[in-house]
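Chains as they are written, first to last, in the working numbering: chain A, 18 to 326; chain B, 627 to 879. All residues carry an ideal CB built from backbone N, CA and C; glycine is no exception. Just so it is clear, the structure is predicted and the values come from calculations on it, not from any experiment.
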Amino acid sequence: MSAGTPLIHARGLRKEFGTLVAVDGIDFDVQRGEAFGFLGPNGAGKSSTMRMIGCVSPPSGGTLRILDMDPVHDGPKIRARLGVVPQMDTLDLELTVRENLIIYGRYFGLSRKAVKERADELLEFVQLSERANDRVEPLSGGMKRRLTIARALVNEPEVLLLDEPTTGLDPQARHVVWDRLFRLKQQGVTLVLTTHYMDEAEQLCDRLVVMDRGSIAEGGSPLELIRRLSTREVVELRFADEAPHVDEQTFDGQVARIEKLPDRILLYTDDGDALVPVAHERLHPQSVLVRRSTLEDVFLRLTGRTLVD
Amino acid sequence: MAYALRSFEYWAYSYRRVWRGSIVTSIIGPVLYLSALGVGLGTLVNKGNKLGVPYLDYVAPGILAATAMQIGTFESSYPVMAAIRWTRQFHAMLSTPLRVRDLILGHQLYIACRLTMVGAIYLAILAAFGALHSPLALVALPVVVLIGLAHSAPVTAFSAWLERDEGFNALFRFGVMPMFLFSGTFFPVTRLPHPFREVAYATPLWNGVDLTRHLTLGTATLWRSLAHVAYLLLWIAAGQVLARRTFHKRLVL
């Protein structure tokens, strides 16, 4: 594989289940060493895409090359070099933490000796050494997640696939997971992840694509997407009663765009503070908040919907 | 095959936690059955020696074959559903170099080992009860494995196809239980009226019982035995094909 060849290369990639089109012809390339994200709401086709990249689910159409191989014919060879953190845990709850790692390493054909050493290293890395000989069942969600990540690293993969790595975790547990993933990235592991959390995408991804209804709406680095598709700041207005009618004229052209959500109105502008007195005077909102634009705003702009319902 | 051994190891690993209880059960089971049916009931039935042998010697190979069926069926029911839906261990395996066929083969291999262990214990106990009439009984050991797999392979497919575990109740009540009672385990199927007799002949268990019985009693003939073996192999092959299909639907699509 030459230096310029992307690690993962997709053109017109499709996945259909009967008449349902889960992935509707997407193009993307993932380069070695980067953290690449698929951002989108549930049902956007992220997981189907991940399962195709993971060489579990065969594509229905288009081109997909992984590590310069064909996933349909070279599935086992490719999977030997991937690490997979699935959306739903696949740990054996009856076995111990360490046994889960050992068994998984054996699936890759590692020797017993090698896999035991590797297991101890990995438990150290995900801060589970003290729980090594405990059964998995009573562990917290965050610990199980870390164990799943450790397990995915047992074969020293070149690419780590993470399908919603922190969904369902409390904020503290999420930060621990992010920290570990960030370290892996520093070590040169290519990360491919899906998420419907914009903060996760912003934290972890060098580059991401925004997916909606099986298609890619936009792509780029998080900052670039925000710059290109949103304003610098956002003013959020909440109302005690029904929100009043608002349009661009209300603010004499100081507002680039307005989004009306069920519970609030978002005003997109480059100078939020300047808008606050005007908003108070003309609309009498219950509360006003000025914040920076995020990927959530990008998503809203692209799809007219929020990421997490 | 190397890949199948890797998935086999998972089952072996899980078995390590329960092996003591499992061995004890495999010893107590045949002792209880043979005492109750062979020694207890056996002195009441078979008056006039219509069977040609003591009832204990008649029923023992039947129970051995039926036990192989039960192990094959049970080990492919809840454990397979668990690996697909609950522990999702099959999903974990498929994100490694293992393929669907390795999953099925590895699990079948594990069941074959279980059957060999239980079969060996059973035969030893049968020998202690004096129920083995011929050295041919040793051939019954691989036959026990065949009987178990002839049930395990199709049940594996069934378990992958099943949406909820309630379906297993039906399997045990309407599949395993009637086969256990009416496939020549306790009495010759010639006692059954038509067409039930023909149904019994078509079951893999009857073929297994008949084969095992002729082996332990030393009355086996080559062609009849080979026909039984071929029929059991057919169930294994068909079961594996179906299992691969249902696994693909459940795990890959």
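Contact between the stretch 236-250 of chain A and the stretch 283-297 of chain A is present, with at least three C-beta pairs closer than 8 Å.
Per DSSP, the unbroken beta strand (DSSP E) holding A:Gly78 starts and ends at 78-83. In the DSSP annotation of this structure, B:Arg714 is not part of any alpha helix (DSSP H), being labelled neither H nor E.
Taking a beta-carbon distance threshold of 8 Å, B:Tyr659 does not count as an interface residue toward chain A.
In this structure, DSSP gives A:Tyr285 an extended state, which the three-state scheme calls strand. Straight-line measurement puts the Cα of A:Gly71 at about 11 Å from the Cα of A:Ile25. Put simply, the backbone Cα of B:Ala738 is about 6 Å away from that of B:Val771.
For B:Arg725, no beta strand (DSSP E) encloses it, and the DSSP letter there is neither H nor E. Beyond the five residues adjoining it in sequence on each side, B:Ile689 comes within less than 6 Å, by CB distance, of Tyr659 in the same chain, given in chain order. Going by DSSP, A:Phe55 is part of the beta strand (DSSP E) stretching over 52-56.
In the DSSP annotation of this structure, the continuous segment of the alpha helix (DSSP H) that includes B:Leu631 starts and ends at 628-641.
In the structure shown, the three-state DSSP call for A:Asp109 is coil. Counting every other CB atom within 10 Å of its CB across the protein chains shown gives A:Glu313 a total of 16 or more, marking it as buried. Within chain A, the residues whose beta carbon sits less than 9 Å from that of B:Gln715 are Thr107, Leu108, Asp109, Ile120, listed in sequence order. Beta-bridge partners of A:Met69 (DSSP): none assigned. Between B:Glu789 and chain A, the shortest Cβ-Cβ separation is not below 8 Å. Residues of chain B whose Cβ lies closer than 7 Å to the Cβ of A:Ala97 are, in chain order, Pro723.
At the C-beta level, A:Ala52 and A:Cys222 come within 8 Å of one another. In the DSSP assignment, A:Ser304 falls within the beta strand (DSSP E) that extends over 304-309. Per DSSP, reduced to three states, the secondary structure at A:Leu240 is helical. Against A:Ser74, the close residues of chain B are Val878, Leu879, in the order they occur along the chain (beta-carbon pairs closer than 9 Å). Annotation: A:Arg148 has no Cβ neighbours in chain B at a cutoff of 7 Å; minimum Cβ distance is about 18 Å. Proximity of A:Leu24 to chain B, defined by a Cβ-Cβ separation below 8 Å, is not satisfied. With a threshold of 16 other beta carbon atoms within 10 Å, A:Lys63 meets it and is buried.
Using a CB distance below 7 Å, the part of the stretch 124-143 of chain A facing chain B consists of Tyr124, Phe125, Gly126, ordered along the chain. B:Thr693 carries a helical assignment under DSSP once its states are collapsed to helix, strand and coil. DSSP assignment within the stretch 754-814 of chain B yields the following whole alpha helix (DSSP H) runs of 4 residues or more, N-terminal first: 766-787, 793-796, 803-808.
The C-alpha of B:Ser785 is placed about 31 Å away from the C-alpha of A:Thr211.
Collapsing the DSSP output to three states places A:Gly29 in a strand. Under the Cβ criterion (8 Å, minimum of three pairs), the stretch 157-177 of chain A counts as touching the stretch 185-193 of chain A. The contact set of A:Phe34 on chain B, defined by CB atoms closer than 8 Å, consists of Leu879 in chain order. Residue environment analysis places A:Thr80 among the exposed positions, since fewer than 16 neighbouring C-beta atoms fall within 10 angstroms of its C-beta. Rounded to the nearest whole angstrom, the CA to CA distance from B:Phe873 to A:Gly21 is 38 Å.
A:Asp258 sits in coil when the DSSP states are folded into three classes, being neither helix nor strand. Boundaries for B:Ile710: no beta strand (DSSP E) harbours it, and the DSSP string shows neither H nor E there. Interface annotation, B:Ala869: not in contact with chain A, CB-CB separation never under 8 Å.
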